[in-house]
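In order, the protein sequence lines correspond to chains A and D. The numbering of the first sequence is this note's numbering, which starts it at 15 and goes up by one. The numbering of the second sequence is this note's numbering, which starts it at 15 and goes up by one. In what follows, a structure is listed as structure tokens, so that the remarks can point back to it.
2 protein chains.
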Amino acid sequence: MENLKTKILSYTKIDDAVLESEMKNYRRIVLQKGETLLEPGHVATHMYYLEKGCISYHKEEEGEIKVLEFYTEDVYFTDLLSYVNQTLSKYYLKALEPCVVLAVDKKGLEKSFSNSHQLERFGRLSMQEAFTKLLSRVERMSIRSNEERYLRLVEKRPDLFQRVPNYLIASYLGITPVGLSKLRKRLSKV
Amino acid sequence: MENLKTKILSYTKIDDAVLESEMKNYRRIVLQKGETLLEPGHVATHMYYLEKGCISYHKEEEGEIKVLEFYTEDVYFTDLLSYVNQTLSKYYLKALEPCVVLAVDKKGLEKSFSNSHQLERFGRLSMQEAFTKLLSRVERMSIRSNEERYLRLVEKRPDLFQRVPNYLIASYLGITPVGLSKLRKRLSKV
DNA sequence: TCAATTTATTAAACCAGTTTAATGAATTTG
DNA sequence: CAAATTCATTAAACTGGTTTAATAAATTGA
Chain A
15 MENLKTKILS YTKIDDAVLE SEMKNYRRIV LQKGETLLEP GHVATHMYYL
65 EKGCISYHKE EEGEIKVLEF YTEDVYFTDL LSYVNQTLSK YYLKALEPCV
115 VLAVDKKGLE KSFSNSHQLE RFGRLSMQEA FTKLLSRVER MSIRSNEERY
165 LRLVEKRPDL FQRVPNYLIA SYLGITPVGL SKLRKRLSKV
Chain D
15 MENLKTKILS YTKIDDAVLE SEMKNYRRIV LQKGETLLEP GHVATHMYYL
65 EKGCISYHKE EEGEIKVLEF YTEDVYFTDL LSYVNQTLSK YYLKALEPCV
115 VLAVDKKGLE KSFSNSHQLE RFGRLSMQEA FTKLLSRVER MSIRSNEERY
165 LRLVEKRPDL FQRVPNYLIA SYLGITPVGL SKLRKRLSKV
């Protein structure tokens, strides 16, 4: 749990006793490649922390996969759309590799936030960070060209190209595998 | 300040005394059409609540306007990318109409969050709501076609088409005014 | 290890958007 | 109110993507 503790403490100071007791709310889940944490029609009851591996957050429509996000080591994730209001999810959370995940149940987390101002603050600050990251993503999506977004992904998350199949990366970039292939060819020619 | 108080209380219970005292941190700003709250190169020092009017959150690159968001009545807004780390903004926050805004300074807000667990909780929950709204936006941007996104905007925010010039809406949708014009023509013909 | 399956590339026809430029409509301002 | 400016539409040529289909390469598994 050391990485998780370090992560939490990176947001705000938390008393040792509080943090240790908070750790008891998390349980470890091991996933094989292809296993899911969440499927459409189910409710996201947990918040997750990814200790090891790679998880896709995606939708499947008419046989087509639409990737919204790839999660890799040391991030919190869940389908927040379902988690917040406990509504049925439309998404998958699926292991793209063997994964180790720490899961904390929504009720437990809410109780922690109520009981501890420090943890509530951690909750606010981590949500704020998630928001600003997503905002940067929206900026890229609305302002940058496919080419710029591809090049940025190569730069910022080169590991993804090793661990994730190409057609999922294409989906994440909002183009088809054919389009991605053409884009790459065009780039390599210049 | 009634709308703002109602807004805050919609997230979580807050003691009257705490809320009343919190209101003292806000000051009212009146903007004429075209005036800005923030310009590139400046730091976002305040969080804002929009009492009345319409604000664009946009960037200007090579003479081109790229709209990231339109804010209308009863929402919180700022350039969170600049606000969080107090870095220089790359964006404008500009009044598209005469506006009335309530401004609270970052230091004051942070102090409120530190002093009151209730307000900290409000901070977390409003940030969470902002995140889930933005996530829905990312979903639409990455999954839906221009046509679908246009039709959804017409349905969900019809007021924007009355109060905002067309070319800004085109920019928000990620297309050119020419493209929007063609899209509309195509739709009207079916 | 070899067969089956999945994934990546290429080609060709197509299309929804772009750019540039011109015109017309609407809004702003002296 | 007229003149100036800004904004919206249209046309024409172009382009970066799409779709479909075929082939090649890589991965999986019996």
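Yeah, the Cβ is synthetic: ideal placement off N, Cα and C, and Gly gets one too.
- Within the DSSP bridge table, the entry for S70/A names F84/A, K108/A as partners.
- At a cut-off of 8 angstroms between beta-carbon atoms, H131/A makes contact with chain D.
- Contact between the region 110 to 119 of chain A and the region 44 to 63 of chain A is present: three or more C-beta pairs spanning the two stretches fall below 8 angstroms.
- Out of F175/A, V57/A, Y62/A, the CA that lies nearest to the CA of Q100/A is found in V57/A.
- A buried status is given to V81/A, since no fewer than 16 other beta-carbon atoms sit within 10 Å of its beta-carbon.
- For L82/D, the closest Cβ of chain A is nearer than 8 angstroms.
- For G55/D, the closest Cβ of chain A is not nearer than 8 angstroms.
- Within the region 20 to 82 of chain A, the runs of beta strand (DSSP E) that reach at least 3 residues and sit entirely inside it are, in chain order, 40 to 45, 50 to 52, 60 to 66, 69 to 75.
- Contact between the region 78 to 95 of chain A and the region 174 to 190 of chain A is established, with three or more Cβ pairs separated by less than 8 angstroms.
- Inter-segment contact for the region 82 to 91 of chain A and the region 60 to 67 of chain A is present: three or more beta-carbon pairs are separated by less than 8 angstroms.
- In the three-state DSSP reduction, D173/D falls in the coil class, being neither helix nor strand.
- Here S150/D is exposed, its C-beta having fewer than 16 other C-beta atoms within 10 Å.
- Note on A31/D: under 16 other CB atoms within 10 angstroms of its CB, so exposed under the neighbour-count rule.
- Close partners of K73/D in chain A (Cβ separation under 9 angstroms): E153, I157.
- The beta carbon of M15/A does not come within 8 angstroms of any beta carbon belonging to chain D, so the residue lies off that interface.
- Runs of the alpha helix (DSSP H) spanning 4 or more residues and lying entirely within the region 96 to 166 of chain D occur at 120 to 129, 131 to 157, in chain order.
- For P179/D, no alpha helix (DSSP H) segment is defined, and its DSSP state is neither H nor E.
- Proximity of E161/A to chain D, defined by a Cβ-Cβ separation below 8 angstroms, is not satisfied.
- The beta carbon of E134/A is closer than 6 angstroms to those of F127 in its chain, skipping five residues each way along the sequence.
- At least 8 angstroms separates the beta-carbon of V98/D from that of T26/A.
- Its Cα nearest to that of K120/A, the residue S96/A stands out among L139/A, R166/A, S96/A, E143/A.
- Boundaries of the alpha helix (DSSP H) harbouring V192/A: 191 to 203, taken from the DSSP string.
- For the 8 angstroms CB-CB criterion, P54/A and K104/A form a contact.
- Between the alpha carbons of S156/A and A184/A lies a distance of about 17 angstroms.
- Out of Y106/D, K38/D, I28/D, G193/D, the CA that lies nearest to the CA of M15/D is found in K38/D.
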